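**Student:** For the sequence shown, the positions run 1 to 157 when the UniProt record's numbering is used.
A virtual CB, placed ideally from N, CA and C, is assigned to each residue, including glycine.
None of these values were measured; they are calculated from a predicted model.
Take a look at this one; I'll ask things after.
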Amino acid sequence: MTNHLTSEHIEKLTSKINYSKFEDGEGKCDDVHFFSDVTDDLRGYLSVKDISDKITKALCYIYTKKPYHSNFESDLCSCIYYWIGDKIYAKTSNKGEFTQIMRMLHGVLNLTDKYIICKHFNYEINRDTFYKNKMLFDYSQDYGNINIHTAEINMMN
1 MTNHLTSEHI EKLTSKINYS KFEDGEGKCD DVHFFSDVTD DLRGYLSVKD
51 ISDKITKALC YIYTKKPYHS NFESDLCSCI YYWIGDKIYA KTSNKGEFTQ
101 IMRMLHGVLN LTDKYIICKH FNYEINRDTF YKNKMLFDYS QDYGNINIHT
151 AEINMMN
């Protein structure tokens, strides 16, 4: 009898946990100065109009997490890049629109005199390359958990 990774195992992968924080809208935007402006700017892009609130809440999550956590995970910046990029490329295959939206979001996120929230990412990237990079990033985040679960399965056999 062969054991396989289940959907329960997959939901416990690091990338899934990090993306779920954005997906579930854990960001509180009450005291974030850019909230309404970003939401309005995103609604100007027809392709992402219906996910503008979700994207803005994800930005709020990152924005509010950094100043209060000395152990802010820089990987969260990569996570937000790939999560938002995935959302945008799911709605449009237009590289120019992707680049424009991502630059705008990065600029807004770093509108602070105190610190850089997230460093610049490559926004001039086509859809295919973006998804290949995302797959590699997700795997790099999940490798440890995948390795542990597959080792457990192999030991059981």
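(1) Rounded to whole angstroms, what is the Cα-Cα separation between Asp50 and Gly44?
(2) Please classify Asp24: does DSSP put it in a helix, a strand, or coil?
(3) What residues in its chain sit with their C-beta under 6 Å from that of Ser140, if we drop five residues either side in the sequence?
(4) Alpha carbon to alpha carbon, how far is Asp138 from Asp128? Give it in angstroms, no decimals.
(5) To which residues of the same chain is Leu26 closer than 6 Å at the C-beta, ignoring the five residues directly before and after it?
(6) Using only alpha-carbon positions, find the residue among Gly144, Lys54, Val48 and Ile116 that is nearest to Glu97.
(7) Where Leu76 and Asn18 are concerned, what is the direct C-alpha to C-alpha distance, given to the nearest angstrom?
(8) Less than 8 Å between the beta carbons of Lys87 and Ile116, yes or no?
(9) Assuming Tyr81 contacts Phe35 (C-beta within less than 8 Å), just tell me the rounded distance between them.
(10) Within the same chain, show all residues whose beta-carbon is closer than 7 Å to that of Ser78, passing over the 5 residues directly before and after it, in chain order.
(11) Can you look up Val32 in the DSSP assignment and give me helix, strand or coil?
(12) Going by beta carbon distance, what residues of the same chain come within less than 7 Å of Phe130, once the five residues before and after it are set aside?
(13) Please report the straight-line C-alpha distance between Arg103 and Ile125, rounded to a whole angstrom.
**Tutor:** In brief:
(1) 11 Å
(2) coil
(3) none
(4) 15 Å
(5) Rather than Leu, the amino acid found at residue 26 in this sequence is Glu. So the list reads Tyr61, once near-sequence residues are dropped.
(6) Val48
(7) 7 Å
(8) no
(9) Going by Cβ atoms, the distance from Tyr81 to Phe35 rounds to 20 Å, so no, they are not a contact pair.
(10) Phe137
(11) coil
(12) Gly85 and Tyr89
(13) 12 Å
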